[in-house]
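A short worksheet on the structure shown next.
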Amino acid sequence: MADYTERANQKLVEAINRFKESEGRDKEAQNVISEELISNAEFIMPARTVEDPKEGKKTLYGVVAFKDARPFYTLFTSKEKLKSWNKSIKHSETEVNKFDMIADLAFGDDRIFGLVVNPGTDDFIIARPVISQLRARMKGIEGGLEGEKAHADDDVTFQDVRQDEVTEELQNALVMAMRNNDNVTKGYLRDMIRNGNLDYLVVIEHTGSMNETFTKIMDICKNHSHGRSVALISSKAPVADRAIEGAEPIYSK
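Under numbering that gives the first Met the number 0, the residue at position 104 of the sequence shown is numbered 103, and the numbers go up by one with no gaps.
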């Protein structure tokens, strides 16, 4: 039987091999890994459903812990990779998931230190900070707000941010984080209405690596938005000028 997961992950596996052979120096392979994770990769995950007295049915995913006892979710790029890890796992005890779902899963559990792709063979670790970086990029892409995916005629409107206790808490936390981040030169907090949904939009003017800066800001958003949706974009994104038109920054260096 054809292994469609293996086919979907062919470029990813090739890039992982190149990256490992270069001992982390192959930046092109690193970029391919990031793009494949965001766009194409899917993984087999050991999983089982259990009854929780408080939450009802819930899914538990397989983890592995290394010498430091820190848990990582286990991801497999093919049936053969899974079989080589644990021959006792049946097909009914697995799920196939895209990386966006897995990133949300890991990001939402502070106990998880990252992901390990093909444990026992490739042992390729995706650490929690990298998950956070990729997740920030995916959220921007999903909103049509990053790179070439953003267009001037997108059905998105922007307005002054709503005023309530949650907004005040989020804004204060963002200002403090921006002030303590040398890469941030200016920041905006706006409301964005897209497809009838109201979300926060944070626009960052920055120097240096976007990923490094955005990871820290996304963590702030997660901790202070009280479950409200937050999109985060660079001031270099095509839609950014329209998003901040006429608005005053919440922080300026």
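Backbone N, C-alpha and C define an ideal beta-carbon position, used for all residues, glycine too. For clarity, every value in this text was computed on a predicted model and none was experimentally measured.
query, result
"E92 versus V238: straight-line alpha-carbon distance, rounded", "43 Å"
"Bridge partner(s) assigned by DSSP for Q158", "D190"
"Of the listed residues H223, G226, K235 and D122, nearest to I15 (C-alpha basis)", "D122"
"Environment of E20 [buried if 16+ CB atoms lie within 10 Å]", "exposed"
"At least 3 beta-carbon pairs within less than 8 Å: the stretch 101–108 vs the stretch 24–31", "no"
"Sequence-distant residues of the same chain with beta carbon closer than 8 Å to C220, five excluded per side", "L169, L173, Y199, V201, V229 and L231"
"Closer than 8 Å to chain B by CB, V202", "The structure shown contains no chain B; it is built from a single protein chain."
"Rounded separation between S38 and V12 - CA only", "14 Å"
"The stretch 115–131 / the stretch 45–59 touching (three or more Cβ pairs under 8 Å)", "no"
"Distance CB(V155)-CB(L188) smaller than 8 Å", "no"
"Selection from K10, F42, E41 and I43 that minimises the alpha carbon distance to N30", "K10"
"Coarse secondary structure for T76, derived from DSSP in three states", "coil"
"Alpha-carbon to alpha-carbon, T214 and P128", "7 Å"
"Euclidean distance between Cα positions of E247 and V95", "45 Å"
"Beta-carbon proximity check, H205 vs S233, cutoff 8 Å", "yes"
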